[in-house]
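Contents: one structure, followed by commentary.
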Amino acid sequence: ASSSPGAEAGWVPIEGVGFYSSGASARIRMDATSTARAYYDYIDTDQYELLGSLIAPSFVQERPDRTFTGRAQFVEFMQEERPVKDTSHDIISVFSAPAGDVAVEGALRRADGSAMFRFVDVFRFDESGRIGEIATYTA
């Protein structure tokens, strides 16, 4: 038996993406590192509905400047209230822990490519594979 999360019966691993289930309700379930990468992609490309689909309803993000409680509050902030929206996340490293947590080291960049700040986000996932918590550290 595989110890890989999501490798249970009926799910086929897809390298670098997650797991695929065929049958009546064919779908793809991303693994934790792919979910973390998609989180940044969806923010950078203004795909807020998809961003919301990655996040648990009870989501909490703690970062140096504020704490977000709940998926709706977080997605609304990203979509409507961010002070600088023309940014991108430059992912430097992704680390995966045996317990399923993921840490991402990166830099938030302005449209001209200059770094606003560096960050490490530690992702924790709920039982459904959605992002339940993010602890953000900046430098």
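Each residue of the sequence shown is one higher than the one before, starting from 0 at the first, in the working numbering. Glycine residues also receive a C-beta, built at the ideal position from the N, C-alpha and C atoms.
Item                                                                                                              : Value
Nearest-angstrom Cα separation, counted from residue 80 out to residue 52                                         : 20 angstroms
Buried versus exposed call for residue 35 [16 or more other C-beta atoms within 10 Å across all chains shown]     : buried
Distance between beta carbons of residue 135 and residue 116, contact taken as under 8 angstroms                  : Not really, about 10 angstroms apart at Cβ, beyond 8 angstroms.
Neighbourhood of residue 121 by C-beta, 6 angstroms cutoff - its chain only, sequence neighbours within 5 removed : 102 and 134
Coarse secondary structure for residue 26, derived from DSSP in three states                                      : For residue 26, the predicted model reports a pLDDT of 48, less than 50, meaning its position is unreliable; a value from the coordinates is still stated below. In the structure shown, residue 26 sits in a strand (DSSP, three-state: E or B).
Collapsed DSSP secondary structure at residue 60 in the structure displayed                                       : strand
Top-ranked residue by Cα proximity to residue 144, from 111, 104, 99 and 83                                       : A query on residue 144 cannot be resolved here, the shown segment of the chain reaching from 0 to 138 and no further.
Beta-carbon separation (whole angstroms), residue 68 vs residue 59, contact threshold 8 angstroms                 : 6 angstroms
For residue 99, three-class secondary structure by DSSP                                                           : coil
Which listed residue (56, 64, 119 and 78) has its alpha carbon closest to that of residue 41                      : 78
Proximal residues to residue 86 (C-beta, below 8 angstroms), its chain only, five neighbours per side dropped     : 43, 107, 108, 109, 110 and 115
Rounded separation between residue 61 and residue 97 - CA only                                                    : 22 angstroms
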